[in-house]
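For the sequence shown, UniProt numbering gives the first residue as 1, with consecutive numbering after it.
Note that beta-carbon positions come from the ideal geometry of N, C-alpha and C, so glycine has one too.
Take a look at the structure set out below.
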Amino acid sequence: MLPELGVRLEDREDENGVLTSVIKVVGKEAILAEREEKRRKEEKKKEEKERRKREMELKQAERDMQRAVNPKEMFLKETDKYSRFDPDTGLPTHDVEGKELSKGQLKKVKKLQEAQEKKYEKYLAEVKESVG
């Protein structure tokens with residue numbers, strides 16, 4: 001009621017710690033503008049929170065999708081990098097130009113595959129636990 005009349009009621013604490021109420025007469029438009037600004041800030045904050053939540057959900061979904069990839073199949077889709085693969089392990093043996101991978105490159109892809117294998121095993125255990 002008071003804001004519609006252009007009256008603001010404020011509580012203030014003096015140097016002795018005593019609370020006193022102060023009545024201020026300000027324009028109705030000023031109070032309405034303050035309310036609108038506060039509402040806009042709250043709305044913006046809410047939208048930002050929702051945006052961050054969606055980003056986190058998207059990142060989690062991407063991690064879950066990557067965890068679900070069988071380590072023996074993880075390099076098979078990378079035909080832009082590799083041309084031939086070991087049929088037993090799924091590791092690439094030749095680059096896209098047909099050259100055999102160096103020992104260093106083989107070691108690197110093996111390490112990536114081992115890391116994926118750990119993620120994949122955890123994923124399978126979680127799926128088995130949630131189903132069973």
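- Residue pairing of Y82 in beta bridges, as defined by DSSP: D95.
- Per DSSP, the unbroken beta strand (DSSP E) holding E10 starts and ends at V7 to E13.
- If you ignore the 5 residues before and after A30, its C-beta comes within less than 6 Å of no other C-beta in its own chain.
- In the DSSP assignment, L124 falls within the alpha helix (DSSP H) that extends over K103 to V131.
- Restricting attention to alpha helix (DSSP H) runs no shorter than 4 residues, the segment 19–73 encloses them at 28–67, ordered along the chain.
- Assignment of beta-bridge partners to E100 by DSSP yields H94.
- About 6 Å separates the Cβ atoms of Y123 and A68, confirming a contact at the 8 Å cut-off.
- Here E117 really is in contact with P71; their C-beta atoms are around 4 Å apart, less than 8 Å.
- Under the three-state reduction of DSSP, P87 is assigned to coil, being neither helix nor strand.
- Nearest to S83 by alpha-carbon distance, out of E36, K107 and V96, is V96.
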